[in-house]
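Quick note, my numbering runs 2 ahead of the 1-based positions in the sequence shown.
No residue lacks a Cβ here, since even glycine has one placed at the ideal position from N, Cα and C.
What follows is one structure encoded as structure tokens, with my remarks underneath.
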Amino acid sequence: MIPEQVWDTTSIPGFTDGQATNSAAPLAWADAQYVRLALSISAPRAAGTPANVETPKIVADRYANQVNVTLTENASTSWGDTVYVVGASAALGSWKTDKAIRLSSATYPNWSVRVSLPAGSAIEYKFFTKAADGSIHWQLPGNTTHTLPAGGDVTYTGTF
């Protein structure tokens, strides 16, 4: 185990020279993760069953064929309203408003979110606002559809 750190400089409020800094918990957690990794790699499993460890190939397969999609909606909203996007794919909530993705209002009145979606896939989505009272107001007229490029980043912008 990595030992607990000791404060070894002039005292400041909350730390006393030569006394423990109470930092063993994060260090013990880090050590525990190494132990967990080693146990996962060496754990017995049925033939053909992958280890419960994310190897570089597993990680690469997950992210290599993805496109970073920024969805931006220009929407002037009332105080307390929030803009969401929901769509046909599981990554966009499968048309379930309780699984919709909340957009950021950091550049109001433009609301935006960045999601990673499968390259070359067709996407279908729609924006909606949720009022402070919980009522939902859908973007009109219909759903928005795009076919994503084979790679890179893409931005789609709409107006509510």
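For the options Thr84, Ala66, Asp33 and Ser91, the alpha carbon positioned closest to that of Asp135 is the one of Thr84. A residue is called buried once 16 or more other Cβ atoms fall within 10 Å of its Cβ, and Gln141 is buried on that count. Pairing Ser80 with Leu150, the inter-Cα distance amounts to about 32 Å. Between the stretch 109 to 121 and the stretch 71 to 80 there are three or more inter-stretch CB-CB distances shorter than 8 Å, so the stretches are counted as touching. Closest in C-alpha terms to Asp155, from the list His139, Pro143, Glu75 and Pro120, comes Pro120. Looking only at Leu41, Ala34, Ile138 and Glu75, the smallest Cα-Cα distance to Ser106 is reached by Glu75. Bounds of the beta strand (DSSP E) holding Lys132 are Ala124 to Lys132.
Residue pairing by DSSP places Pro120 opposite Gln68 in a beta bridge.
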